[in-house]
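Participant: Okay, here's the structure, questions in a sec.
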Amino acid sequence: MTDATWLHENFDKAGSSIGFRVTRKLDEVQSPFQNIEIYESTDWGNVMLIDGAMMLTSRDNFLYHEMMAHPALFTHANPKRVVIIGGGDCGTLREVLRHPGVEKAVQCDIDEQVTRMAEKYFPELCESNGDPRAELLWDDGIAYMANCAPGSVDIVIVDSTDPVGPAEGLFNKDFFASCHRALKDDGILVQQSESPLVLLDLIKAMRVEMGKAGFQSFQTLPFPQPCYPTGWWSCTMAKKTANAGFNFRIDDARSKGFATLYYTADLHTGAQSLPPFVAKALAG
């Protein structure tokens with residue numbers, strides 16, 4: 001906190017920072033893995049920080065959670081079993097379970113304290129935690145994926161923090177190889193892939209690591225995310241087969257039986273058209 005009313009996160013890689021006007025600190029917990037803080041803001045609801053990095057706000061988290069879940073679930077022909085690695089705030093789990101065809105959704109986050117803080121300060125994100133199809137685990141996601149039965153999962157969503165600290169191992173070949181093995185032949189891997197404005201090199205490197213693990217087709221979808229560095233974020237989907245294509249069930253997306261605040265079929269179509277500078281960088 002730089003003064004009495006403003007909370008800032010400085011982002012050295014972009015030479016920029018993001019700030020929210022806050023009224024008070026609501027809570028702080030030092031877990032065995034990381035420091036978690038909750039602030040009350042004047043305009044963005046509650047704000048969660050992990051190790052000083054903005055994780056989510058009440059006002060804009062739907063952008064991230066909807067884009068991490070719905071593009072992949074509407075791209076897969078019939079997703080029944082979904083695994084979420086990370087995602088301790090439970091917002092992505094909630095979005096996944098909006099799909100009635102999902103029979104099982106496992107969320108494996110290493111830090112139970114993230115979920116406990118979300119239950120207290122972002123209860124709307126935890127509405128599906130009691131769904132009988134949901135299984136919440138607090139364990140090492142890398143080990144969980146390594147132990148998954150081959151060909152047992154339709155979609156793996158890696159809803160992680162930045163590739164440092166506990167999440168560092170979620171961005172390399174070995175972890176992606178575990179995901180590749182656990183996924184069925186038509187399965188989809190989804191990874192949050194940072195800012196396409198200033199971290200294109202990270203997105204490219206991540207896709208290279210996915211390729212080394214056996215994935216052959218990729219699609220990166222950008223979306224706005226005001227509380228993250230640059231305000232512009234992305235997720236990347238990967239499939240096992242070459243030239244697989246990422247056509248999605250557009251009619252199902254248009255007639256979905258649940259409300260969303262950001263995701264629509266038309267928006268999904270638009271997100272598939274990358275700005276030229278991003279398309280060129282990822283094609284190289």
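In UniProt numbering, the protein residues as written are 1 to 284.
All C-beta atoms in this analysis are idealised placements derived from N, C-alpha and C, irrespective of residue type, glycine included.
Express the C-alpha separation of residue 69 and residue 89 in angstroms, rounding to a whole number.
Facilitator: Taking the straight line from one Cα to the other gives about 14 Å.
Participant: Evaluate residue 182 with the Cβ neighbour count: other Cβ atoms within 10 Å of its Cβ, from every protein chain shown; 16 or more gives buried, anything less gives exposed.
Facilitator: Flag for residue 182 reads buried.
Participant: Between the region 78-86 and the region 141-160, do three or more beta carbon pairs fall short of 8 Å?
Facilitator: Result yes; three or more Cβ-Cβ pairs closer than 8 Å.
Participant: On the CB-based measure, 16 or more other CB atoms within 10 Å of its CB, does residue 56 come out buried or exposed?
Facilitator: By the 10 Å Cβ count, residue 56 comes out buried.
Participant: Can you grab the Cα-Cα spacing for the pair residue 272 / residue 25, in whole Å?
Facilitator: C-alpha separation (whole angstroms): 39 Å.
Participant: Between the region 59-73 and the region 261-268, do at least 3 Cβ pairs fall closer than 8 Å?
Facilitator: Touching, yes.
Participant: What's the call for residue 52, buried or exposed, on a 16-neighbour Cβ count within 10 Å?
Facilitator: So residue 52 counts as exposed.
Participant: How is the alpha helix (DSSP H) around residue 200 delimited, first residue to last?
Facilitator: It spans 200-212 - the alpha helix (DSSP H) in which residue 200 sits, taken as one unbroken run.
Participant: Between 255, 219 and 38, which has its C-alpha nearest residue 115's C-alpha?
Facilitator: The shortest Cα separation from residue 115 among 255, 219 and 38 belongs to 38.
Participant: Just grab the DSSP bridge partners of residue 86 for me.
Facilitator: Beta-bridge pairing links residue 86 to 159.
Participant: Using a Cβ distance threshold of 8 Å, determine whether the region 73-82 contacts the region 234-251, with at least three qualifying pairs required.
Facilitator: Yes: the two stretches touch, three or more of their Cβ pairs being nearer than 8 Å.
Participant: Which two residues bound the contiguous beta strand (DSSP E) that contains residue 29?
Facilitator: 16-30 is the extent of the beta strand (DSSP E) around residue 29.
Participant: Let me know if residue 185 comes out buried or exposed under the rule of 16 or more other beta-carbons within 10 Å of its beta-carbon.
Facilitator: The residue in question, residue 185, is exposed, as its Cβ has fewer than 16 Cβ neighbours within 10 Å.
Participant: Under three-state DSSP, which class holds residue 220?
Facilitator: Of the three classes helix, strand and coil, the one that applies to residue 220 here is strand, per DSSP.
Participant: Using DSSP bridges, identify the partner residues of residue 98.
Facilitator: Paired residues: none, contrary to the question.
Participant: Which first and last residues belong to the alpha helix (DSSP H) in which residue 178 is found?
Facilitator: Taken as a continuous stretch (DSSP letters only), the alpha helix (DSSP H) holding residue 178 covers 173-182.
Participant: Drop a sphere of 10 angstroms on the beta-carbon of residue 220, count the other beta-carbons inside from all chains shown, and report buried for 16 or more, exposed for fewer.
Facilitator: The residue in question, residue 220, is buried, as its Cβ has 16 or more Cβ neighbours within 10 Å.
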